[in-house]
Amino acid sequence: MMDLNSPLFDRIRVRKAAAEPRPQQVRTCDHPGCGAAAEHRAPKGRGKEGQYWQFCLEHVRAYNHSYNYFAGMDDDAVVRHQKADAVGHRPTWSMGVKAGARAQWRRGDGDQAAFDPFNLFGQTASAAHAATEERKPRLSVAAVKALETLELEEGADAATIKARYKALVKRFHPDANGGDRSYETRFQDIVRAYGVLRSLNLC
5 MMDLNSPLFD
15 RIRVRKAAAE
25 PRPQQVRTCD
35 HPGCGAAAEH
45 RAPKGRGKEG
55 QYWQFCLEHV
65 RAYNHSYNYF
75 AGMDDDAVVR
85 HQKADAVGHR
95 PTWSMGVKAG
105 ARAQWRRGDG
115 DQAAFDPFNL
125 FGQTASAAHA
135 ATEERKPRLS
145 VAAVKALETL
155 ELEEGADAAT
165 IKARYKALVK
175 RFHPDANGGD
185 RSYETRFQDI
195 VRAYGVLRSL
205 NLC
């Protein structure tokens with residue numbers, strides 16, 4: 005018989021009975037009148053980033069089919085949003101020469117000696133810029149690559165470029181694909197390509 009005053013008795017521990025798992029509550033579909041299990045989520049839309057509906061498979065398919073993140077926005081608003089989205093809606097700054105000095109150089113304004121004190125170029129800044137423009141090919145390499153990104157030929161007009169851009173944005177925006185981030189790289193390439201074409205006044 006064990007001595008109840010033994011120090012060994014104090015070290016005996018009785019395992020607690022395992023707690024029964026709590027039954028998990030199954031969330032039902034957010035579609036009105038649907039009581040099916042909600043196993044899929046869908047974004048609530050612009051202005052409610054990070055918020056999601058919970059739908060069953062049938063209703064998430066219907067929701068995604070009609071979902072349009074840019075509904076109610078005009079073309080300029082869409083472009084502004086996409087440019088901001090490409091940099092995470094953070095402010096950006098131009099790198100290199102100050103904008104005022106760069107613009108002055110391109111216009112040929114101000115003291116020529118300040119830009120070319122040794123007259124190495126032998127012509128005014130405006131003449132040099134005009135000569136550079138004349139030597140440029142009809143479409144730059146950047147413009148050709150941008151058109152290829154938008155799946156367009158070199159002869160595409162402004163209306164065609166805008167229409168293709170809007171279609172690709174709607175197709176590849178992560179929010180239009182249930183928040184799937186795998187589309188993000190393709191989406192950013194499309195936004196950058198359109199920005200290049202706009203900067204070249206091609207659309």
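Going letter by letter, the sequence shown gives residues 5 to 207 in the numbering used here.
Yeah, the Cβ is synthetic: ideal placement off N, Cα and C, and Gly gets one too.
Predicted model, so just to flag it, every value in this text is computed and none were measured.
For the stretch 41-53 against the stretch 155-169, are there 3 or more C-beta pairs whose distance is under 8 Å? no
Distance, alanine 163 Cα to alanine 40 Cα: Position 36 of the sequence shown, counting from 1, holds the residue named residue 40. Position 159 of the sequence shown, counting from 1, holds the residue named residue 163. Near 45 Å, if we compare the C-alpha coordinates of alanine 163 and alanine 40.
Inside the stretch 44-77 only - alpha helix (DSSP H) runs reaching at least 4 residues: 61-70
Taking contact to mean 3 or more Cβ pairs, one atom from each stretch, closer than 8 Å, check whether the stretch 54-68 and the stretch 141-153 are in contact. no
So the candidates are Ala171, Ala42, Gly37 and Leu151; which of them puts its Cα closest to the Cα of leucine 206? For the purposes of this step, residue 206 is identified with residue 202 of the sequence shown, where counting begins at 1. Considering only alpha carbons, the answer is Leu151.
Could you pull the start and end residues of the alpha helix (DSSP H) that alanine 160 belongs to? For this step, residue 160 is matched to residue 156 along the sequence shown. Looking at the DSSP string, alanine 160 is not in any alpha helix (DSSP H), and its letter there is neither H nor E.
Would leucine 154 and alanine 88 be called neighbours here (beta carbons separated by less than 8 Å)? As a position in the sequence shown, residue 154 is number 150, starting the count at 1. As a position in the sequence shown, residue 88 is number 84, starting the count at 1. Cβ atoms of leucine 154 and alanine 88: not closer than 8 Å.
List the endpoints of the continuous alpha helix (DSSP H) containing threonine 189. What you label residue 189 is simply residue 185 of the sequence shown in a count that begins at 1. From DSSP, the alpha helix (DSSP H) with threonine 189 extends over 188-203.
Is alanine 23 helix, strand or coil when you go by DSSP? Along the sequence shown, read from residue 1 onward, the residue named residue 23 stands at position 19. Coil.
Return the CA-CA distance between arginine 94 and glycine 76, expressed in angstroms with no decimal places. By one-based count along the sequence shown, residue 94 stands at place 90. By one-based count along the sequence shown, residue 76 stands at place 72. Rounded to whole angstroms, arginine 94 to glycine 76 spans 23 Å at the Cα level.
Host alpha helix (DSSP H) of aspartate 79 (start-end): Reading the sequence shown from its first residue, position 75 is the one you call residue 79. Here the alpha helix (DSSP H) through aspartate 79 covers 79-90.
Using the Cβ count rule (16 or more neighbours within 10 Å means buried), how would you classify glutamine 86? Counting from one through the sequence shown, the residue named residue 86 turns up at place 82. Counting Cβ neighbours within 10 Å, glutamine 86 comes out buried, since at least 16 surround it.
Which of the three DSSP states is assigned to threonine 153 in this structure? For this step, residue 153 is matched to residue 149 along the sequence shown. Residue state, collapsed to three classes: helix.
Can you tell me which of Leu201, Leu172 and Arg168 puts its alpha carbon nearest to the alpha carbon of glutamate 188? Counting from one through the sequence shown, the residue named residue 188 turns up at place 184. Considering only alpha carbons, the answer is Leu172.
How should valine 30 be labelled, buried or exposed, when 16 other C-beta atoms within 10 angstroms of its C-beta is the threshold for buried? By 1-based counting over the sequence shown, the position of residue 30 is 26. Valine 30 should be labelled exposed.
Smallest Cα separation from glutamine 71: which of Val83, Arg175, Arg185 and Arg190? Here residue 71 refers to the residue found at position 67 when the sequence shown is read from its first residue. Correcting the residue type first, residue 71 is tyrosine in the shown sequence and not glutamine. Answer by Cα proximity: Arg175.
In or out: alanine 81 buried (at least 16 other Cβ within 10 Å) or exposed? What you label residue 81 is simply residue 77 of the sequence shown in a count that begins at 1. Exposed, because fewer than 16 other Cβ atoms sit within 10 Å of the Cβ of alanine 81.
Beta-carbon proximity list for lysine 140, same chain, < 6 Å, skipping 5 on both sides: Along the sequence shown, one-based indexing puts residue 140 at 136. Low per-residue confidence applies at lysine 140: pLDDT is 47, beneath 50, and the placement is therefore not dependable enough to give any value.
Arginine 168 Cβ short of 7 Å to the ligand GTP heavy atom set: This structure lacks the ligand GTP, and indeed carries no ligand of any kind.
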